[in-house]
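Protein sequences, first through last, are from chains A and B. Mapping the first sequence onto the numbering used here, position 91 (from 1) lands on 91, and the numbers just tick up by one. Mapping the second sequence onto the numbering used here, position 135 (from 1) lands on 135, and the numbers just tick up by one. Where a beta carbon is used, it is the ideal one built from N, C-alpha and C, also for glycine.
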Amino acid sequence: MTAKVNYADVEVGTEIPAQTYHVDRLNLVMYAGASGDFNPIHWRESLAKAVGLPDVIAHGMYTMAQGGRYVTDWAGDPGAVLDYGVRFSAPVVVPDEGGADLEITGKVEEKLDGNRVVVALTARSAGQKVLTRAKAVVRLG
Amino acid sequence: MALNRDFIGRSFPPSEPYEVSRIKIREFADAIGDRDPIYRDAEAAKAAGHPDVIAPPTFPIVVSLGGPGLADPDLNLNYAMVVHGEQRFEYTRPIQAGDVVTCTSTITEIRSIGNNEKMVIETDIRTVGGEPICKTYNTIVERGA
Chain A
1 MTAKVNYADV
11 EVGTEIPAQT
21 YHVDRLNLVM
31 YAGASGDFNP
41 IHWRESLAKA
51 VGLPDVIAHG
61 MYTMAQGGRY
71 VTDWAGDPGA
81 VLDYGVRFSA
91 PVVVPDEGGA
101 DLEITGKVEE
111 KLDGNRVVVA
121 LTARSAGQKV
131 LTRAKAVVRL
141 G
Chain B
1 MALNRDFIGR
11 SFPPSEPYEV
21 SRIKIREFAD
31 AIGDRDPIYR
41 DAEAAKAAGH
51 PDVIAPPTFP
61 IVVSLGGPGL
71 ADPDLNLNYA
81 MVVHGEQRFE
91 YTRPIQAGDV
101 VTCTSTITEI
111 RSIGNNEKMV
121 IETDIRTVGG
131 EPICKTYNTI
141 VERGA
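Quick look at the structure:
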C-alpha cells in the first residue's frame, strides 16, 4: 500500500498534470447500473427537463469518481487515499449528441505529517466549475 | 415540502450485510472508466500490498446509498427533486473483495437554504466483524418547487 509519488519530491504548489475525461450517456447508464442510483435525471431527458434541468446530468458521484481516478492515477495506489471530499457546485450536463468533457486539475495544497499531503482539485465542464472544495488527503511514499 | 425535523439525530438500524465481490468492484471500475489493474486483478492488488482486489475510493457509495430511512414517507423527501450537494469519505482502509459490510446511518442535519432543503447523512461502514472501513458524509439537497 505505497504510493508511487514520494513525499520528499512534492512541495506545496506542486501541480498534477491536467486530465480531460469524456462522459457520454452510456457512461451514465453504466454508472446507474453499477452504483444502483437510478434517478431518471441521469438518463431520461424528458424527466430531467420537466424538473427544470437543462438536460440529462451526470451523477455527482460519477464526477467525483473521475476526480478520484485523477488522484489515484497520480498517487499510484488507491489505498493511499485517506480522505476525499467534494462539493457539487454545478451539474455536468450530458447532451445525447457529443456528451461532455470534464477537465480536472490538481495541486498539492498542504504537506502534513506522516507523509500525508492535501491535494486540491478543480473540475470544470463547459467552462463551469462543477466541483468546489474538492480535496483529497493522500499518504505518499 | 419541508423535511421533517423530527428526523434530525435519527439513526437507522444497521443495513443487511453486503458481500463485496470482485465482479462488483470490476463493474464499478468499468463504469467509471478506470482501467487500474488493482481493481480487477488479484495478483496486481497483492503486489501492491493488498490481500485482494480493492475498490475505487468512491465505491463505498454503492453500499451506503439510500438506506431505508430515506424511504420513510414521514421524512417528506421528494426523490425526484434531490440533487447531491456534498460528499466526503474518510477511509480507515479501502474496501476489498470478500468484505462483508454493514452501514449504520444517522441524519445529522436538516436545514433550509432559501427554497431548498439540505440534509446530511453520516454513515459508518464496518465489516460484520466490527472492523471500521470508512465513514461517509452525504449532503443532499431537495430543490424547492
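Boundaries (first-last residue) of the alpha helix (DSSP H) holding residue i
i     : result
A/M64 : G60 to A75
A/N27 : R25 to S35
B/R22 : R22 to A31
B/I61 : P60 to S64
B/K46 : A42 to A47
A/A3  : Run containing A/A3: none; DSSP gives neither H nor E here.
B/A55 : Run containing B/A55: none; DSSP gives neither H nor E here.
Chain A residues whose Cβ lies nearer than 7 Å to that of residue i
i      : result
B/M119 : The contacting residues do not exist; B/M119 stays about 14 Å from chain A at best.
B/P57  : G68, T72, P78, V81 and Y84
B/A80  : V51
B/I61  : S35 and M61
Beta-carbon neighbours of residue i, restricted to chain A and to distances below 8 Å
i     : result
B/R88 : D83, Y84, G85 and V86
B/F28 : A34 and S35
B/L65 : S35, G36 and D37
B/I54 : P78 and G79
Delimiting residues of the beta strand (DSSP E) encompassing residue i
i      : result
A/R116 : R116 to S125
A/L131 : Q128 to R139
A/L82  : V81 to F88
B/E86  : V82 to Y91
B/E158 : With chain B represented from 1 up to 145, any question about residue 158 of chain B goes unanswered, as that position is not in the structure.
B/K135 : P132 to E142
Under 8 Å by beta carbon: chain B residues contacting residue i
i    : result
A/T2 : A48 and G49
For residue i, the residue or residues it bridges with in DSSP
i      : result
A/R108 : In the sequence as displayed, the identity of residue 108 of chain A is Val instead of Arg. DSSP lists A/V119 as partners of A/V108.
A/L174 : Absent from the structure is residue 174 of chain A, since the part of chain A shown begins at 1 and ends at 141.
B/P14  : BP columns for B/P14 are empty, so no partner.
B/R111 : B/K118
Neighbour list for residue i in chain B, Cβ cutoff strictly below 7 Å
i    : result
A/N6 : Within 7 Å Cβ-Cβ: nothing; A/N6 doesn't reach chain B, min ~16 Å.
Q | Members of the segment 65 to 78 of chain A that neighbour chain B once the beta carbon cut-off is set at 9 Å | A | Taking 9 Å as the Cβ-Cβ cut-off against chain B, the residues of the segment 65 to 78 of chain A that qualify are A65, Q66, G67, G68, R69, V71, T72, D73, G76, D77 and P78.
Q: Spell out a yes or no on whether the segment 102 to 111 of chain A and the segment 121 to 135 of chain A are touching, meaning 3 or more CB-CB pairs, one atom from each, closer than 8 Å.
A: The segment 102 to 111 of chain A vs the segment 121 to 135 of chain A: in contact.
Q: Give the residues from the segment 18 to 31 of chain A that approach chain B closer than 8 Å (Cβ to any Cβ), ordered along the chain.
A: Contacts with chain B (Cβ-Cβ distance below 8 Å) from the segment 18 to 31 of chain A involve Y21, N27, M30 and Y31, listed in chain order.
Q. Three or more beta-carbon pairs under 8 Å between the segment 125 to 138 of chain A and the segment 21 to 40 of chain B, yes or no?
A. Not touching, per the Cβ criterion.
Q) Of the residues that make up the segment 44 to 68 of chain A, which ones have a beta carbon closer than 8 Å to any beta carbon in chain B? A) When C-beta distances to chain B are compared with 8 Å, the residues of the segment 44 to 68 of chain A below that value are L47, V51, G52, H59, G60, M61, Y62, M64, A65, Q66 and G68, in chain order.
Q: Taking only beta carbons into account, state which residues of the segment 31 to 49 of chain B come closer than 8 Å to chain A, listed in chain order.
A: Going along the segment 31 to 49 of chain B in chain order, one finds A31, I32, G33, D34, D36, I38, Y39, A48 and G49 with a Cβ nearer than 8 Å to chain A.
Q) When you check each C-beta in the segment 83 to 110 of chain B against every C-beta of chain A, which residues fall closer than 8 Å? A) Taking 8 Å as the Cβ-Cβ cut-off against chain A, the residues of the segment 83 to 110 of chain B that qualify are V83, H84, G85, E86, Q87, R88, F89, E90, Y91, R93 and P94.
Q. Quick check: the segment 81 to 91 of chain B against the segment 77 to 97 of chain A, are there 3 or more CB pairs under 8 Å?
A. The segment 81 to 91 of chain B and the segment 77 to 97 of chain A touch, with no fewer than 3 CB-CB distances between them shorter than 8 Å.
Q. Does the segment 5 to 21 of chain B come close enough to the segment 58 to 78 of chain A to have 3 or more Cβ pairs within less than 8 Å?
A. In short, these stretches do not touch, since the Cβ pair count stays below three.
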